[in-house]
Structures are given as structure tokens and as C-alpha cells.
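A.B. asks: Same order as they appear, the protein sequences are chains L and V. Quick note: to get the numbering used here, add 30 to the position in the first sequence (first position is 1). Quick note: to get the numbering used here, add 99 to the position in the second sequence (first position is 1). Cβ atoms here follow ideal geometry from the backbone N, Cα and C, with glycine treated the same way. Below are the C-alpha cells for one structure; questions will follow.
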Amino acid sequence: MEGRLDTSTTRKNGDSLFRTVTLLFACSIIAILLVMAGEMVTESLPSLRKFGWGFITGSDWDAVQGSFAALPYLYGSVVSSILAIGLATPLSVGTALFITELAPHKVGAVTASLVELLAAIPSVIYGLWGILVMTPWLQSTVEPFLIEHFGFLPFFRGAPYGVSMLAAVFILMIMIIPIVTSITKEVLLAVPPSQKEAAVALGATRWEMIRMAVLPYGRSGILGAVILGLGRAIGETMAVTMVIGNTPQISLSLLSPAYTMPSVIANEFAETTTKLHASALMEIGLILLVVTLAINFLARLLLWSVTRRWKGGVA
Amino acid sequence: MFSTIRRSILTLALLAAVTMAGQASAGTLINGAGATFPYPLYSKWFSEYAKIDPSVKFNYQSIGSGGGIKQITAGTVDFGASDKFLTDAELKAAPGKLIHIPTVMGAVVVTYNLPGVAKGLKLKSEDVADIFLGRITKWNDKRIADDNPGVVLPNEPIIVVHRSDGSGTTAIFTDYLSSVSPEWKGKVGMGASVKWPVGLGGKGNEGVAGQVKNTRNTIGYVELAYAFENKLPYATLRNKSGKFVEPSIRSTSAAAAGAAKHMPADYRISLVNQPGNDVYPIVGFTWLLVYEHQRDAAKGRKLVEFLKWELHKGQKLAAPLLYAPLPENVVHMVEKTIGTIK
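Listed below in C-alpha cells is the structure:
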């Protein structure tokens, strides 16, 4: 009798202990974020005070003269990430559909694990591959082709250097495909077979089944995957730094070199000597944080509106 | 269950105590941080020195010159290392008197990719500056062609490649450009990262070298050691005395030998564009930063012993690793300086 009572109190204690521990863990995440944000704001105060809004509207970055403005970096980050996700999404969704719906079981499993293998490659390896294999190929083959056939567009003007916005977009695309594909695959696997069977029973072809039963059900999940991919793309540093050419300029042409926010931080932070320079780099970090938050917020909004609109169709 | 936890905590505590005791008995640990450029040589020095005096252990973090200056100023390390000397303001910010101790010299070479010109392109210093300013834009410019009779130069645009990451290599190179071109000095200036008028940015020596290797008609700059190890073509530059000089260990050391006559007592001197017939013009010291008054006397003594070893025996290890050793006259000066550390 006494023994049983004892166990139950221990169990109760265990429960509350578990609760407290997990609560502490959850709080520590929030605390870390707040401390980081606070630290970044205090560290970037000198630059915030000196340049104000000019920091994100100007484009002069000169460490020797102590004049800093970040628009080219902001432009480079946003454009490269958005183009990369734009290219990666159809590829990833297509791959995931192939794995889950079309491929024979074994082929699908092999493809899936190969895609996941891509995710395990460190980004510096992608960067090295980019600089040794991809950019020479872009320079000798792809870019001359684009200039010759699409040179009338402002996006493909200029000389083929290899290192360029285009190279950054390609490398980012390759790097985010695994994450978007894996999540999309899981989302598609979660589609109830009854739903697919119903579509087939109604006489739908395989494409109609995918279009009417699978994709609407997975829409919000796929969007979530895309957002995670975008988050990864905008924060990617090493591989992009190695292939983008690191020139702070705003050019419509995808063939000209550009610069991103994480790249300039990685490039310059270790060797900053003036306080203002370090502070300006901190402010870039702060902008990166704000942009990431904004993207997440917009994505949630989009997700929310999409799920609401499609609720009827799914249920 | 609780007793298991208690037991494991006890074990952990015991383990921690043992490890800490182990560390304490290992002798003196000297911490340093700073420049990445001399890191391969320094780590060779530390491992060789461990055989001579096993009671001292060095821990060197190659975080970059800027970081080294910050850490020694904050007093979180026992010595700093830097490829650039401190400004008067930076010296004042330090809590004590910081001494610069030059260890070896490095050089920066101008590398290029010109089909048909495998090596030995000749360039005047002013022309190098004007290429990096975007003033000379074609390879067959008369100013380049005049120095290279008999060499077929293409009628192609020059593609400039520079370092994108802040680095001592860039600091030495821009120091050189500032010293040979008033326009560069006024418009761009010198620093670990500058606002480049033209060109593409590659990350690290390997980024610049890779870009130059892959792209025709490019010109860039890398460390001498990196260029030699990777067999990159390099330009022969005309020095202050009007002679074309190839980059080499000897022509690098010659820059400091020539500067010895007007060497300031604190060694804060730029070695670029020094006079002398056999002097290569893009050269710089790399320094260790040490406080004159050591807080920990025992540690200070060990550090001085190491510095003396490095200055004599250690110098012989420099050339095989493609660093230029200090010339004899500078060694004598530095020896006296090390003697002042208390």
C-alpha cells in the first residue's frame, strides 16, 4: 500500500520535473534569440546613429573612409535567394512527386536517399565545386550561349566572368533542393490513400489524380517546405561567397558579379579594425535577421490564407 | 533511479577534478591569437619548441590580425600577432606598453593569366596601380608593351581579381599601391579591405588564384608562398631603384636589410617600395605583439626564452616554408628589444 503510494508521488514528481525541464528548454531558445537581437542592436548603435536610414538606401561601402551603406548587399541576398527558390521549387516538387507517386518502389527509395545525401554535403564543398567546376563551365558554355541568344534582355548583358549572380543562384538552387524535396516527399506521403483511390475510382488519370487529390492536400506543407528552403538560401554564406564575385553593385544582369549580406560579414568581420566598420557589419546582421523574420511572417500569412481557402477542398 | 543520477554526477565531478589537475601539472600554457598568414610557420615553431622545452605549451588561434589586436588589447591572450602595425590610437587603447616584434617577412606577388606569356611579364609599379585603378584597361596598352618587347600581348580587356575577405595580403598590396600612386592613395587608400575601383572579389588566396587560373586575361595578387606552392605565373616588378626584380625569398629579405638603416625602434615600418637594386617592392613584416611588462613573471620569462629561440634557431625554419627570414642586422636589433621585456 505504502509502496504504491510512494510510486505514484514519484511519478507525479517526475511529471512536474519533466514539465519544468522542457519549459526551461523552450524558454532558453527564446532567451537566446532575445539576447542575440539585443546584442546586435547595441553593437550596431554607432552605425545606426551615424547613417540612419541612409544605411539601407545608399550603396557606398568604403572601410578606409569609414562610409557604409548596405543596399547592394540587401539586393544581392534577396534576388539570389528568390531566384534560387523559384528554380528549386518546380524541380523539388517534381522530384518528390516522382518518388512518391510515379517511381517503382525501389527506384523511389534510392532516389530519395540520394537526394538526402546531397543535404549532408558541407557548404564549403559546394563552394569548391562551384569555383573549380561550375563557374568555368558557366563561363565557357552557359554564359556565352545566354549572351548570344538572349543578349537583347537586360538580364544577360555583359562579359562572361563565370563568377556571377547566376553562379550564386545555381549553387543555392542545388543546395536547397534536398531540403525542399525531402519535406515535400513527407507531405505527399501523408496524403490519405483513400483520397487518391477515390479520384482514380471516379475515372481520373494519374495526372488528374495528382492535380485534384494530391497537390491540394499537400499545398500548405509544400509551401512550408519552400519557406524553409528560402530561409536556408538567404542565410547561406560560404558557397555563395566563393562564386558570387563579391562586388557590391546593383546590376540587372545576372552575369555580373554581386554580393550578399552573409558574405560581406564573413569576408570582413575578422579583419575589422575600426569600431564603425564592425558596427556596420553588425547592422547588416541585424538587417538579415529582420529580412528573415519578415519572410517568415509573410510566408505564414500566405500559408494561413491558402489553408483557409482550400479547407473545403481538402475536407 | 535517483541514486544512479547521484552516482553519475559524482563520477562526473571526479572526472572534472582529474582533468583539471592534469592540466595544471602540464606546465605553462601560453595563449596567442592573430594573423593567419604566418600560422603555418608559427605552428611549426611551437611544435619544434615543445621538443626543446616540454614545460611550455603554446595555443595559437589564427583568427586574423584584427582579432589578434583586439584580443591582446583586451588582455585575453598572452601575445597577439598581426600583419599590420598598430596605429598610435590603437597603442594608446592598450592597458600597457605593447612591443612589436617582427618575426619574418612575407611578399605579395602579382599573378596573371595571359595565353602565350607563361612567366616573367614585366610591369612598372605605376602600371600595376593604374591597372587596379581601371586606368589601363587593355593588355596591349603601350605602357605594358614597352616593357615587354617581343612579347605578343592580346588586344583584350584586363580582368582584375582582388581579395574579397579582409586580409593582411590586401593591406600590404594596397600599401604598395598607395606608395607608388598618389591617385590610389587619394581615391582608395590602404587597408585590410578597401573599396576596389574595378574587378572581381575572390575569397582567400585560393579564390583569387582559382579565378585567375580559370579566366583568360586576368590579373590578381596572392601571397608569395601560395604562388610558389601552386606554381602560378608571377610578374617581375620594377622597384624604386628602377630595376626589374623577381619575387623570391632573397629579394624579400633584401627589403628589410635595406630598410635597416632607418628602422624605427618600435619596428612600425612599412617595407613596401624600398630602395635597393635587388629589393622586391611588395614586402611586409609580420609581428608578434607582447606587453613590455608581463603580468605573470614566470610566463613572461618563458615567452622571452621562446622569442630568443625563434629569433635564432627558428629563423632557419622559415625559408623551407617560403617565409623570408629577418636579415642579420635586423636580428641584432630585435634581440635588444626582446631584452627589454620584463
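If we count the other Cβ atoms within 10 Å of its Cβ and call it buried at 16 or more, is L/Glu69 buried or exposed?
C.D. replies: Exposed, by the Cβ-count rule.
A.B. asks: Please decide whether L/Tyr191 counts as near chain V, where near means a Cβ-Cβ distance under 8 Å.
C.D. replies: L/Tyr191 counts as touching chain V.
A.B. asks: According to DSSP, what are the bridge partners of L/Ser97?
C.D. replies: L/Asp92.
A.B. asks: Just to make sure I have the definition right: I need the residues of chain V whose C-beta is within less than 7 Å of the C-beta of L/Ile93. Which are they?
C.D. replies: Here the sequence assigns Ala to residue 93 of chain L, which means Ile is not the residue at that position. Gly290, Ser292 and Val293, listed in chain order.
A.B. asks: Could one say the Cβ of L/Gln279 lies closer than 8 Å to chain V's Cβ atoms, at least one of them?
C.D. replies: Answer no: the Cβ-Cβ gap between L/Gln279 and chain V never drops below 8 Å.
A.B. asks: Are the C-beta of V/Asp377 and some C-beta of chain L separated by less than 8 Å?
C.D. replies: No, no contact with chain L.
A.B. asks: Distance, Cα to Cα, V/Ile437 vs V/Gly413?
C.D. replies: Approximately 15 Å, taken between the alpha carbons.
A.B. asks: Note down the Cα distance separating V/Phe343 from V/Gly288, rounded to an integer number of angstroms.
C.D. replies: Straight-line Cα distance between these residues: approximately 25 Å.
A.B. asks: Enumerate, from N- to C-terminal direction, the unbroken alpha helix (DSSP H) stretches of 4 or more residues contained entirely within the segment 345-425 of chain V.
C.D. replies: Those alpha helix (DSSP H) runs which fall completely within the segment 345-425 of chain V and span 4+ residues are 348-358 and 396-411.
A.B. asks: Out of curiosity, what's the CA-to-CA distance linking L/Gly96 and L/Leu306?
C.D. replies: Near 7 Å, if we compare the C-alpha coordinates of L/Leu306 and L/Gly96.
A.B. asks: Would V/Gly195 pass as a contact of V/His392 if the rule is Cβ separation under 8 Å?
C.D. replies: Yes, they are a contact pair.
A.B. asks: Going by the CB atoms, is the gap between V/Lys302 and L/Met272 shorter than 8 Å?
C.D. replies: Result yes, Cβ atoms of L/Met272 and V/Lys302 sit closer than 8 Å.
A.B. asks: What separation, rounded to the nearest whole angstrom, lies between the Cα atoms of L/Phe299 and V/Val297?
C.D. replies: Going from the Cα of L/Phe299 to the Cα of V/Val297 covers about 22 Å.
A.B. asks: Return the residues of the segment 169-191 of chain L that lie within a Cβ-Cβ distance of less than 7 Å from chain V, sorted by chain order.
C.D. replies: Hits within the stretch, in order: Gln169 and Tyr191.
A.B. asks: With a cut-off of 8 Å on the beta carbons, I'd call V/Ser350 and V/Val378 a contact; round off their distance for me.
C.D. replies: About 6 Å separates the two Cβ atoms, so the contact holds.
A.B. asks: Which of the three DSSP states is assigned to V/Ser142 in this structure?
C.D. replies: Helix, per DSSP.
A.B. asks: According to DSSP, which residues form a beta bridge with V/Gly300?
C.D. replies: In the DSSP output, where bridge partners are listed per residue, V/Gly300 has V/His261.
A.B. asks: For V/His199, list the residues DSSP reports as bridge partners.
C.D. replies: Its beta-bridge partners are V/Leu388.
A.B. asks: For a cutoff of 8 Å on Cβ pairs, would you count V/Thr385 as touching chain L?
C.D. replies: No, no contact with chain L.
A.B. asks: Mind checking the segment 293-320 of chain L against chain V and listing, in chain order, the residues whose C-beta falls within less than 9 Å of any C-beta there?
C.D. replies: Listed by position along the chain: Ser293, Val294, Ala296, Asn297, Glu298, Phe299, Ala300, Glu301, Thr302, Thr303, His307 and Ala308.
A.B. asks: With a Cβ-Cβ cutoff of 8 Å, do L/Pro292 and L/Pro102 count as a contact?
C.D. replies: For L/Pro292 and L/Pro102, no; Cβs fall outside 8 Å.
A.B. asks: My assumption, with CB atoms under 8 Å, is that V/Ala132 sits in contact with V/Ile162. Please give the rounded CB distance.
C.D. replies: The pair is a contact, with the Cβ atoms about 5 Å apart (cut-off 8 Å).
A.B. asks: Give a yes or no on whether the minimum CB-CB distance between V/Thr452 and chain L is below 8 Å.
C.D. replies: Outside the shown range of chain V (100 to 441) lies residue 452 of chain V, about which nothing can therefore be said.
A.B. asks: Given L/Leu318, which residues of its chain have a CB within under 6 Å of its CB, disregarding the five upstream and five downstream residues?
C.D. replies: The answer, listed in chain order, is Met291.
A.B. asks: Give the residues of chain L in contact with V/Gly205, contact being defined as C-beta atoms less than 7 Å apart.
C.D. replies: Those do not exist, as V/Gly205 stays about 16 Å from chain L at its closest Cβ, beyond 7 Å.
A.B. asks: Does the Cβ of L/Gly342 have 16 or more other Cβ atoms within 10 Å, making it buried, or fewer, making it exposed?
C.D. replies: Residue confidence is low: L/Gly342 scores 48 on pLDDT, short of 50, so the model does not pin down where it sits. Its coordinate-derived value is still stated next. Classification of L/Gly342: exposed, given that the 10 Å Cβ count is below 16.
A.B. asks: Mind listing which residues of the segment 82-116 of chain L have their C-beta closer than 7 Å to chain V's C-betas, in chain order?
C.D. replies: Those residues of the segment 82-116 of chain L that come within reach of chain V (Cβ to Cβ, closer than 7 Å) are Trp91, Asp92, Ala93 and Val94.
A.B. asks: Residue range of the alpha helix (DSSP H) that L/Glu238 falls in?
C.D. replies: Unbroken alpha helix (DSSP H) run through L/Glu238: Arg236 to Met239.
A.B. asks: For V/Ser263, would you say it is in contact with chain L, using Cβ-to-Cβ distances shorter than 8 Å as the test?
C.D. replies: It does; some Cβ of chain L falls within 8 Å.
A.B. asks: In the DSSP assignment, find the unbroken alpha helix (DSSP H) run with L/Ile264 in it and report its ends.
C.D. replies: Residues Leu245 to Gly265.
A.B. asks: Could you tell me the distance, in whole angstroms, from the CA atom of L/Ser283 to the CA atom of V/Met204?
C.D. replies: Going from the Cα of L/Ser283 to the Cα of V/Met204 covers about 42 Å.
A.B. asks: Need the endpoints of the beta strand (DSSP E) that V/Ile318 sits in, please.
C.D. replies: It spans Thr317 to Glu322 - the beta strand (DSSP E) in which V/Ile318 sits, taken as one unbroken run.
A.B. asks: When we look at the beta-carbon of L/Met66 and count the other beta-carbons within 10 Å, is it buried (16 or more) or exposed?
C.D. replies: Looking at its Cβ environment, which holds fewer than 16 other Cβ atoms inside 10 Å, L/Met66 is exposed.
A.B. asks: Hey, is L/Pro76's beta-carbon within less than 8 Å of any beta-carbon in chain V?
C.D. replies: Chain V contact via Cβ: absent.
A.B. asks: Measure from the alpha carbon of V/Leu425 to the alpha carbon of each residue in V/Tyr390, V/Val382, V/Gly267 and V/Pro139, then state which is nearest.
C.D. replies: Checking every option, the nearest Cα to that of V/Leu425 belongs to V/Val382.
A.B. asks: Let me see if you follow: with CB-CB separation under 8 Å, is L/Asn43 close to chain V or not?
C.D. replies: Cβ-Cβ to chain V under 8 Å: no for L/Asn43.
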